[in-house]
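Colleague:
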Amino acid sequence: MESYHLRTDLYQITAVSINDLKIINEIENQLSLNLTTLNFFKRVSLNNNFKFLKLQVNLNIIGFILFSFNKKDCDIISIGVCKNFQKQGYGKKLIEYLKNKICLDIFVEVSKNNKNALIFYKKLKFIEIGLRKKYYKKNNTDAILLKL
Numbered sequence: 000m001e002s003y004h005l006r007t008d009l010y011q012i013t014a015v016s017i018n019d020l021k022i023i024n025e026i027e028n029q030l031s032l033n034l035t036t037l038n039f040f041k042r043v044s045l046n047n048n049f050k051f052l053k054l055q056v057n058l059n060i061i062g063f064i065l066f067s068f069n070k071k072d073c074d075i076i077s078i079g080v081c082k083n084f085q086k087q088g089y090g091k092k093l094i095e096y097l098k099n100k101i102c103l104d105i106f107v108e109v110s111k112n113n114k115n116a117l118i119f120y121k122k123l124k125f126i127e128i129g130l131r132k133k134y135y136k137k138n139n140t141d142a143i144l145l146k147l
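So that you can map any letter, position 94 of the sequence shown is 93 in numbering that gives the first Met the number 0, and since no number is skipped, the others follow by simple counting.
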């Protein structure tokens, strides 16, 4: 995996290593995002079509973003920041890092019922470009396709 690195006095964004996956899995499950298994994270971390970044504060992993990358476009698979670090701009830092360092265009699907995620992405100037009917099979929910 390529090495992505950003460092300031407060936080650091770098590529995820195999040793980080347990902590990232715990963060995702704490947030009830997708309740993804550790094996899923291990599989995608070995797949060159996916990239995985972590955000650390004082060397502690407090956030992550998993995305697929195709030439110049990124599709966000999952993004999360520990609850006690939310609403402090760290999620925004992960998105800005993608936009400034890696991707020309960023896409994400969000459940139309996930109001917090929709507010988050719209604050970052994502625009609605489509609707995927019954995209989420678990509860037959539509997904709103967003682009930055």
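Backbone N, C-alpha and C fix where the C-beta goes; we use that ideal spot for every residue, glycine too.
Do Leu54 and Ile105 have their C-beta atoms closer together than 7 Å?
Modeller: Position 55 of the sequence shown, counted from the start, is the residue given in the question as residue 54. Position 106 of the sequence shown, counted from the start, is the residue given in the question as residue 105. No. Outside cutoff.
Colleague: Any chance the segment 16-27 sits against the segment 62-78, with 3 or more Cβ pairs inside 8 Å?
Modeller: yes
Colleague: Is DSSP giving Asn99 helix, strand or coil here?
Modeller: Translated into the one-based positions of the sequence shown, residue 99 becomes position 100. DSSP places Asn99 in helix when its eight states are reduced to three.
Colleague: Between Leu123 and the rest of its own chain, which residues show a CB-CB distance below 7 Å, the 5 nearest in sequence each way excluded?
Modeller: Walking along the sequence shown from the start, residue 123 turns up at place 124. Lys91, Ile94, Leu147.
Colleague: Could you please give me the residues that DSSP links to Gly88 through a beta bridge?
Modeller: Within the sequence shown, numbered from 1, the residue matching residue 88 stands at position 89. Under the DSSP definition of a beta bridge, Gly88 lacks any partner.
Colleague: Going by DSSP in three states, Asn59 sits in which element: helix, strand or coil?
Modeller: Your numbering for residue 59 matches position 60 in the sequence shown. Asn59: strand per DSSP, three-state reduction.
Colleague: Quick one: grab the DSSP three-state call for Leu144.
Modeller: Along the sequence shown, one-based indexing puts residue 144 at 145. DSSP places Leu144 in strand when its eight states are reduced to three.
Colleague: Buried or exposed for Ile128, going by 16 or more other Cβ atoms inside 10 Å?
Modeller: Translated into the one-based positions of the sequence shown, residue 128 becomes position 129. Label assigned to Ile128: exposed.
Colleague: Taking the straight line between their C-alpha atoms, what separation do you get for Val15 and Leu144?
Modeller: For the purposes of this step, residue 15 is identified with residue 16 of the sequence shown, where counting begins at 1. For the purposes of this step, residue 144 is identified with residue 145 of the sequence shown, where counting begins at 1. Near 26 Å, if we compare the C-alpha coordinates of Leu144 and Val15.
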